[in-house]
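Engineer: The structure follows.
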Amino acid sequence: MSNVLAIGDLHLEAAHPAYMQFCRDLEYQWDCDQVVFIGDVADHHAISFHAANPHCPGPEDEYKLTLAAIQKWYKVFPEAKICLGNHDLRVLRLAESVKIPKRYIKGFSETWETPGWDWDYEFLIDDVIYFHGEGTSGIHPAWNAITKKMKSVVMGHCHARAGVKWMTTRHERFFGLDTGCGICSEAWQFAYGKNHLVRPFIAAGVVIDGHPYSEAMACGSKEIYHRSNF
Numbered sequence: 167m168s169n170v171l172a173i174g175d176l177h178l179e180a181a182h183p184a185y186m187q188f189c190r191d192l193e194y195q196w197d198c199d200q201v202v203f204i205g206d207v208a209d210h211h212a213i214s215f216h217a218a219n220p221h222c223p224g225p226e227d228e229y230k231l232t233l234a235a236i237q238k239w240y241k242v243f244p245e246a247k248i249c250l251g252n253h254d255l256r257v258l259r260l261a262e263s264v265k266i267p268k269r270y271i272k273g274f275s276e277t278w279e280t281p282g283w284d285w286d287y288e289f290l291i292d293d294v295i296y297f298h299g300e301g302t303s304g305i306h307p308a309w310n311a312i313t314k315k316m317k318s319v320v321m322g323h324c325h326a327r328a329g330v331k332w333m334t335t336r337h338e339r340f341f342g343l344d345t346g347c348g349i350c351s352e353a354w355q356f357a358y359g360k361n362h363l364v365r366p367f368i369a370a371g372v373v374i375d376g377h378p379y380s381e382a383m384a385c386g387s388k389e390i391y392h393r394s395n396f
């Protein structure tokens, strides 16, 4: 069975400055042989259907900034599986809204210059489903997902949720692992949440021989992954 590192939502180029090192450390500590990005690798703020922050660069400049950020991650994790998140799909959905077929749009690997990355909606590894989590919510989003998929699930999407919750049936045991995320809550992309009471939980997940672990990033003011150290 595999040792899988599950990296939370990045929303590049709005990731926490320490999150890449945190993920590298987890990969080494847990001796991971597979890496899954759980989705929303790119933010695509400039082409959102919602109102854009006035400090946001235009679509072309945002693409260049995001490409540079993705290339840094690609250099560290040259072989990985990428779950497509709702933010990753904004380009396709915008194109569909004006009746442009997918055949006119580049593939994700070509767009982001990541030939070693496999981009898809979900992956099945050791009978565990890895997917972004769009359409799932609640206090325990991954647990809600396993009640529908009837398999163990690893997912992101809900930035404030992290941890493992279990469910058993008469014959099987399932887990739901919410990865948390890797975003920088102070980035202009997330200015809308400045005064929210519930904050993003910076974390990642690992699944070792089919057993899940939630790893919180120690990023408090006097902790190793605080932004002042990076």
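Take the sequence shown: its letter number 68 is residue 234 in the working numbering, and every next letter is one higher. Just so you know, even glycine gets a beta-carbon here, dropped at the ideal spot from N, CA and C. Quantities reported herein were computed from a predicted structural model and do not represent experimental measurements.
Given that a residue counts as buried once 16 or more other Cβ atoms are within 10 Å of its Cβ, and exposed if not, what is D266?
Structural biologist: The question names Asp, yet the displayed sequence has Ile at residue 266. I266 is exposed by the Cβ-count criterion.
Engineer: Quick check on G342: buried or exposed, where buried means 16 or more other Cβ atoms within 10 Å of its Cβ?
Structural biologist: Flag for G342 reads buried.
Engineer: In the DSSP assignment, find the unbroken beta strand (DSSP E) run with I312 in it and report its ends.
Structural biologist: Unbroken run through I312 is the alpha helix (DSSP H), P307 to K315; no beta strand (DSSP E).
Engineer: Any idea what DSSP makes of H377, helix, strand or coil?
Structural biologist: strand
Engineer: With three or more beta-carbon pairs closer than 8 angstroms as the criterion, would you say the region 171 to 183 touches the region 344 to 356?
Structural biologist: yes
Engineer: How is V242 classed by DSSP in three states: helix, strand or coil?
Structural biologist: helix
Engineer: By DSSP, does R256 sit in helix, in strand, or in coil?
Structural biologist: helix
Engineer: Tell me whether the beta-carbon of A308 lies closer than 8 angstroms to the beta-carbon of V320.
Structural biologist: yes
Engineer: On the DSSP bridge assignment, give the partners of M333 in chain order.
Structural biologist: F340
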